[in-house]
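Asks: Quick one: the structure is below, questions incoming.
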Amino acid sequence: MALGGLAQKANIKRCLEEYLVDNLRDAEGLQLDLEGVPFETTGKSEWVQPRIIDFTGVNLRQASATEYGTQVSLLLSINIFVPKSGTTYADRHYRLRDKVVNYFKVGQKIPVRDYIGGGATPVIDYMKVRRVATDRPVFSEDFLQYSLAFDIDYTERTINA
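Residue numbers for the sequence shown follow this note's numbering, so the first one is 47 and each next one is one higher.
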């Protein structure tokens, strides 16, 4: 059985990007370096770089008493960059980390829409943040840098026929 439309990587990626844009860019005013979208770092005082670095799908014989399922697990890496030459705050990467973590608390629900099947639909289901996998500063000569990674799960359910 192949991954259903909602559980396909392209759809999950798009759902995560919409969540990041709505919350980190629009609500918090952070610059986002999204995968596959041109992004110029020259002149930027700080930015956040999200990437899906692991994605697995497993078919479930029984997601409930009447449904099959596809369990998708992914590892979302979020790196924070603040050029040392452009800041006077040695804790700026920690402040940005705190903003990001507020949107990825364990148990946080992330909306799933059907972008593959026809554009921005209403919320159909939710992914959930299961665990903070990485939460640490990264040493760099040129940047104040912070690395975060989150385990996120989603189960797409299909009625047994």
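Don't be surprised by glycine CBs; every beta carbon is placed ideally from N, CA and C.
Quick caveat, the model's predicted, so the values are computed rather than measured.
Should asparagine 125 go down as buried or exposed, given a rule of 16 or more other Cβ atoms within 10 Å for buried?
Replies: It is buried - the Cβ of asparagine 125 has at least 16 other Cβ atoms within 10 Å.
Asks: With a 10 Å radius around its C-beta and 16 neighbouring C-beta atoms as the bar for buried, classify methionine 47 as buried or exposed.
Replies: Note that methionine 47 has pLDDT 37, beneath the 50 cutoff, so the model's placement of it is unreliable and no number is given.
Asks: What does the alpha-carbon distance come out to for the pair arginine 182 and valine 152?
Replies: The straight-line gap from Cα to Cα measures roughly 17 Å.
Asks: Tell me, which residues are paired with tyrosine 114 by DSSP?
Replies: DSSP lists Thr204 as partners of tyrosine 114.
Asks: Does tyrosine 135 come out as helix, strand or coil in the three-state DSSP assignment?
Replies: Correct three-state label for tyrosine 135: coil.
Asks: Between which two residues does the alpha helix (DSSP H) carrying tyrosine 65 extend?
Replies: 55-66 is the extent of the alpha helix (DSSP H) around tyrosine 65.
Asks: DSSP beta-bridge partners for glutamine 95?
Replies: Paired residues: Asn125.
Asks: By alpha-carbon positions, which one of Leu142, Ser119, Arg60 ends up nearest to valine 128?
Replies: Among Leu142, Ser119, Arg60, the Cα nearest to that of valine 128 is on Leu142.
Asks: For the beta strand (DSSP E) that contains proline 84, what are its first and last residues?
Replies: That residue, proline 84, is in no beta strand (DSSP E); it is neither H nor E in DSSP.
Asks: Among Ala195, Thr167, Gln54, Val184, which residue has its Cα nearest to the Cα of arginine 176?
Replies: Comparing Cα-Cα distances from arginine 176 to each of Ala195, Thr167, Gln54, Val184, the minimum goes to Ala195.
Asks: DSSP beta-bridge partners for glutamine 191?
Replies: Glutamine 191 pairs with Phe127, Val184.
Asks: Beta strand (DSSP E) containing lysine 151: first to last residue?
Replies: Note, lysine 151: premise wrong, no beta strand (DSSP E); not H, not E.
Asks: Go ahead and label threonine 112 buried or exposed: buried means 16 or more other beta carbons lie within 10 angstroms of its beta carbon, across all protein chains shown.
Replies: Flag for threonine 112 reads exposed.
Asks: Compare the C-alpha of valine 118 against each of Tyr135, Asp100, Lys130, Ser131 and name the closest.
Replies: With distances taken between Cα atoms, valine 118 lies closest to Asp100.
Asks: So, is valine 67 buried or exposed, given that buried needs 16 or more other C-beta atoms within 10 angstroms?
Replies: Valine 67 should be labelled exposed.
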